[in-house]
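K.L.:
Protein chains: 2
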Amino acid sequence: MINIGILGLGTVGTGVVELLENNRKVIKQRLGEEVNVKKILVRDLSKKRTPYADGKLTVQADDILDDEQINIVVEVLGGEEPALSYIKKALQNKKHVVTANKEVISKHGKELFELAEKSGVGLYFEASVGGGIPIIRPMKHCLAANRILRISGILNGTTNYILTQMQEKRRNFEDALREAQRLGYAESDPSDDIKGFDAARKLAILSSIAFNTRITPDKVYVEGIENIELEDIKYAGELGYTVKLVASARKVGKSEVEVLVAPTMLSKNHPLSAVRDVYNAILVEGDAVGEVMFFGQGAGKMPTASAVVADIMDAAREGKRRIYCTCYDELKVIDVGSSTSRFYIRLKAKDKPGVLSKISGAFGRNDISLHMVIQKDVKGDVAEIVTVTHQVHFNNLKKAINEIRDLKDVERVINVIRVEEVSSNGVHGDN
Amino acid sequence: MINIGILGLGTVGTGVVELLENNRKVIKQRLGEEVNVKKILVRDLSKKRTPYADGKLTVQADDILDDEQINIVVEVLGGEEPALSYIKKALQNKKHVVTANKEVISKHGKELFELAEKSGVGLYFEASVGGGIPIIRPMKHCLAANRILRISGILNGTTNYILTQMQEKRRNFEDALREAQRLGYAESDPSDDIKGFDAARKLAILSSIAFNTRITPDKVYVEGIENIELEDIKYAGELGYTVKLVASARKVGKSEVEVLVAPTMLSKNHPLSAVRDVYNAILVEGDAVGEVMFFGQGAGKMPTASAVVADIMDAAREGKRRIYCTCYDELKVIDVGSSTSRFYIRLKAKDKPGVLSKISGAFGRNDISLHMVIQKDVKGDVAEIVTVTHQVHFNNLKKAINEIRDLKDVERVINVIRVEEVSSNGVHGDN
Chain A
1 MINIGILGLG TVGTGVVELL ENNRKVIKQR LGEEVNVKKI LVRDLSKKRT
51 PYADGKLTVQ ADDILDDEQI NIVVEVLGGE EPALSYIKKA LQNKKHVVTA
101 NKEVISKHGK ELFELAEKSG VGLYFEASVG GGIPIIRPMK HCLAANRILR
151 ISGILNGTTN YILTQMQEKR RNFEDALREA QRLGYAESDP SDDIKGFDAA
201 RKLAILSSIA FNTRITPDKV YVEGIENIEL EDIKYAGELG YTVKLVASAR
251 KVGKSEVEVL VAPTMLSKNH PLSAVRDVYN AILVEGDAVG EVMFFGQGAG
301 KMPTASAVVA DIMDAAREGK RRIYCTCYDE LKVIDVGSST SRFYIRLKAK
351 DKPGVLSKIS GAFGRNDISL HMVIQKDVKG DVAEIVTVTH QVHFNNLKKA
401 INEIRDLKDV ERVINVIRVE EVSSNGVHGD N
Chain B
1 MINIGILGLG TVGTGVVELL ENNRKVIKQR LGEEVNVKKI LVRDLSKKRT
51 PYADGKLTVQ ADDILDDEQI NIVVEVLGGE EPALSYIKKA LQNKKHVVTA
101 NKEVISKHGK ELFELAEKSG VGLYFEASVG GGIPIIRPMK HCLAANRILR
151 ISGILNGTTN YILTQMQEKR RNFEDALREA QRLGYAESDP SDDIKGFDAA
201 RKLAILSSIA FNTRITPDKV YVEGIENIEL EDIKYAGELG YTVKLVASAR
251 KVGKSEVEVL VAPTMLSKNH PLSAVRDVYN AILVEGDAVG EVMFFGQGAG
301 KMPTASAVVA DIMDAAREGK RRIYCTCYDE LKVIDVGSST SRFYIRLKAK
351 DKPGVLSKIS GAFGRNDISL HMVIQKDVKG DVAEIVTVTH QVHFNNLKKA
401 INEIRDLKDV ERVINVIRVE EVSSNGVHGD N
């Protein structure tokens, strides 16, 4: 069993406690041992908390930092102090540290990594950039054979939400900001986000890894989005562009890097231009791999907890256990006939009265409801019929298609193709 | 120094040898020791090879598999045999194995992982799915705290190229296939790709990891794209869809999974619908992280070598050395003034003769050439002018803007925003 201590029980801290509890079984199976939250640092013992925290709260950081049974300290307080001092003490006490703190890592990374190395423990910070999007570990491991030429990304969800609202809803900046605040995407003092400072810290972390050189946030040139007007967004659209707050860094010659955060118009075929709302994306260009992109929710309680808990698992595994086969379940592969989807069907039939009704009848008998039917492209006495169904079972569809094939006025069922939609939020769900 | 042996010197093997040589310095810095290619298995000693392979060739697999100084065996032969037997022997001889072989891993993964665990060595296969796109390690590590609900992806570049050609160039299937063959994207016998078998193997590997259950390719329901006609693509377009060969797997209830490869129409706002040409993308949905997407070149010499060499580095590092700070360079952050970009500028000026020429003069004196100028939105005697520049230095632009601000007929320079284009291949390069 691995004992951990958590510093902070705000949004992310609560997410971490809940995720460890909700996915206790898979985490234990994948890690090979259990993760136990031993103590949690809070400021106020009387505040109402998640029931999973019962009996674990303390107001003394040293209860965690000096506990010899705690192997891993998770820092989710945010802000520079006291987080920095706590992390230092934890590392000095030879505990692995997992943190989501972009401010501490971007400003004090050098000192902290030296401390971790000296103590022979790990310092993990996957959650500090891009929330739950895997980016730090992929850059350090999966792309390690590459010389990185450039990184560019949408690293701040608040500003991306505001720009998306301006573009799609024709809201002006102030209205879009108010909407972001109403939804909890922006703070009451939003300057850290809209002036680009939050993106600059994340870019400092990413470019330090990409170019193997220490880049602190004060070295990043920053322009925010506070001066972007609706008119600019409209012109951009007319010109075929989308305005995004782009954080980018690239190697210049042998010994220089360019590092900036600035509003940028992206052509519609640019991979970052399609990133909407609070989503983040990071494009990395390596000399061998070419361009790879990582996309997902860049913030939020559970996405950030996903990255923190993955780091906890890696810290627990460190030097102890290699990941072998992870197929510990025996799931059954279901017959695809029982799967559901929407389907597009194209067929050729005689262009005469009653044919469409016979075809519709075959669908109806097999419980297939149709979203739309188009009859067109008549050549001689032959019509082409295209339909799209609602969600239906594949088995039912196959039965209907067989009946339709047997209809004497149907020449040929040409094609049957699955159809996927995305729901209104732009990324979730489909069939 | 880590000695490796490579089985096979085809396209990927040559890429691995070249990448290890070209990026020798960064690889050594990041890993902390040198990777030395000791021996390479080939079939024909007389064939002309990369000069980096000189003096290392052998036609005897056992020269590598039985060499006690070789710690890591890299298998890039492809195909089921003799690759499988060689991998087994390497693992039995307690050597780490790195492979790009999707056929062997998808069909014989269980046996090989058990063998690796028994021998206490690692079996790495990042390159077997998605070429250089980080996906195996991110799923095993970064998303380890999640219950995976669904994965869906475009896992075969050949079919995606054909479908993109059909959609964008209105080529029919046969012409698009011939074009793919001419460009080397498709084999002379293309059935493995176009019938969906290649995608099925990759999906078997991904879904085994995602759902912690062994899924072999024969369990995957497969439809290929060989029956898709240009007419279908056209109708799909009219209906607002793009046709893609989608590989998808999802958990159904507690003990079942649905695993299929089939042509699917995706609505234009679906994240996978924008994946063009030979690119691959994998969308993973976890209960905590939500949806994350990984995008990049799914095949090719250097992208695949990028994944293989990353695996070699991880195998070399295994249990030996934690990654601490990797900032071993001291790069200078360049003044953003010397960076270049295209810029959009919007300003308000008096609507009278000579004003535009004065503005253009200020640009010209500072070496700023203009891509386009729009004058519009005249209110009373005021005109709004929008211009987009070619690639220019930011310092020059700032000087020009200052001169323009001082012009007496210019009321206000409202905004200056960077513009990024992507070149015609859809993803590479920009400003």
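Line by line, the protein sequences give chains A and B. Residue numbers for the first sequence follow full-length UniProt numbering, beginning at 1 and rising by one. Residue numbers for the second sequence follow full-length UniProt numbering, beginning at 1 and rising by one. Where is the CB? At the ideal position from N, CA and C, for every residue including glycine.
Quick check on DSSP: helix, strand or coil for A/F295?
P.N.:
strand
K.L.:
What are the complete beta strand (DSSP E) segments, minimum 3 residues, inside the segment 131-215 of chain B?
P.N.:
148-154
K.L.:
What residue range is occupied by the uninterrupted beta strand (DSSP E) comprising A/T242?
P.N.:
Y241 to V252
K.L.:
Identify every run of the alpha helix (DSSP H) within the UniProt domain "ACT" (344-415) of chain B, keeping only runs that are complete inside it and at least 4 residues long; order them along the chain.
P.N.:
The UniProt domain "ACT" (344-415) of chain B contains these whole alpha helix (DSSP H) runs: 355-365 and 394-406.
K.L.:
If we define contact as Cβ-Cβ less than 8 Å, is B/V104 a contact residue for chain A?
P.N.:
no
K.L.:
By the 10 Å Cβ neighbour count, where 16 or more other Cβ atoms means buried, how is B/H390 classified, buried or exposed?
P.N.:
exposed
K.L.:
In three-state DSSP terms, what is A/G5?
P.N.:
strand
K.L.:
So if DSSP puts A/L41 in a beta bridge, which residue, or which two residues, is it bridged to?
P.N.:
Bridge partners of A/L41: A/L7 and A/T58.
K.L.:
Quick one: what does DSSP say A/E256 is sitting in, helix, strand or coil?
P.N.:
strand
K.L.:
At a Cβ threshold of 8 Å, is A/A383 touching chain B?
P.N.:
Residue-level contact check: A/A383 does not touch chain B, since none of the beta carbons of chain B fall below 8 Å from its beta carbon.
K.L.:
Okay, do the segment 141-149 of chain A and the segment 279-291 of chain A touch, 3+ Cβ pairs below 8 Å being the bar?
P.N.:
yes
K.L.:
Do you know offhand how far B/E21's Cα is from B/Y52's?
P.N.:
If you draw a straight line from the Cα of B/E21 to the Cα of B/Y52, it comes to about 7 Å.
K.L.:
Give the interface partners of B/M313 over in chain A, defined as CB-CB distance under 9 Å, in chain order.
P.N.:
H141, A144 and A145
K.L.:
Show which residues of chain B have a CB atom less than 8 Å away from the CB atom of residue 473 of chain A.
P.N.:
Past the edges of chain A, shown from 1 to 431, lies residue 473 of chain A, and the structure says nothing about it.
K.L.:
Taking Cβ-Cβ distances shorter than 7 Å, what residues in chain A pair up with B/Y221?
P.N.:
V336
K.L.:
Could you check the C-alpha separation between B/K352 and B/I359 for me, to the nearest Å?
P.N.:
12 Å
K.L.:
8 Å is my cut-off, CB to CB: does B/M293 come that close to chain A?
P.N.:
Put simply, the CB of B/M293 is near chain A, with a gap under 8 Å to one of its CB atoms.
K.L.:
Report the partner residues of B/R317 according to the DSSP bridge assignment.
P.N.:
According to DSSP, which records beta bridges pairwise, B/R317 is partnered with nothing at all.
K.L.:
How do the segment 334-353 of chain A and the segment 41-51 of chain A stand: do at least 3 beta-carbon pairs fall below 8 Å, yes or no?
P.N.:
Verdict: no, contact absent.
K.L.:
Quick check on B/G229 - is its C-beta less than 8 Å from some C-beta in chain A?
P.N.:
In the sequence on display, residue 229 of chain B carries Glu and not Gly. True, the Cβ-Cβ gap to chain A drops below 8 Å.
K.L.:
Ignoring anything shorter than 3 residues, give me the beta strand (DSSP E) runs that lie fully in the segment 76-118 of chain A, in order along the chain.
P.N.:
96-99
K.L.:
Does the CB of A/I282 have a neighbour CB from chain B at under 8 Å?
P.N.:
no
K.L.:
Would you say B/Q29 and A/N156 are within 8 Å of each other, going by their C-beta atoms?
P.N.:
no
K.L.:
Where DSSP assigns a beta bridge to B/T264, which residues make up the other side?
P.N.:
A/R418 and B/K244
K.L.:
Would B/K408 count as contacting chain A if we go by Cβ distances under 8 Å?
P.N.:
no
K.L.:
Cβ of A/A75 less than 8 Å from any chain B Cβ?
P.N.:
With the sequence shown as reference, residue 75 of chain A is identified as Glu, and Ala is not the correct amino acid for it. Not one chain B Cβ lies under 8 Å of A/E75.
K.L.:
Alpha carbons only, please: which of B/I162, B/M166 and B/K195 is nearest the one belonging to B/Q181?
P.N.:
B/I162
K.L.:
How would you call B/Q167, buried or exposed, if buried means at least 16 neighbouring beta carbons within 10 angstroms?
P.N.:
buried
K.L.:
With DSSP as the reference, label residue 433 of chain B as helix, strand or coil.
P.N.:
Because chain B is modelled from 1 through 431, residue 433 of chain B falls outside the range shown and cannot be assessed.
K.L.:
Can you pull the DSSP bridge partners for B/E340?
P.N.:
It is Thr, not Glu, that sits at residue 340 of chain B in the sequence shown. According to DSSP, which records beta bridges pairwise, B/T340 is partnered with B/H393.
K.L.:
Using DSSP with H/G/I as helix, E/B as strand and the rest coil, what is B/I72?
P.N.:
It is a strand residue.
K.L.:
Compare the Cα-Cα distances from B/I27 to each of B/K379, B/V308 and B/A204 and report the closest residue.
P.N.:
B/V308
K.L.:
Judging by CA-CA distance, which residue of B/V12, B/V373 and B/E34 is the nearest neighbour of B/N101?
P.N.:
B/V12
K.L.:
Anything in chain B within Cβ reach of A/M265, meaning under 8 Å, just list it in chain order.
P.N.:
Ordered by position in chain B, the residues that pass the 8 Å Cβ test against A/M265 are Y344, I417, R418, V419 and E420.
K.L.:
Relative to the C-alpha of B/Y221, which candidate in A/E256, A/S338, A/L177 and A/E229 has its C-alpha closest?
P.N.:
A/S338
K.L.:
Shortest alpha-carbon distance to A/R201 belongs to which of A/L266, A/I154 and A/A315?
P.N.:
A/I154
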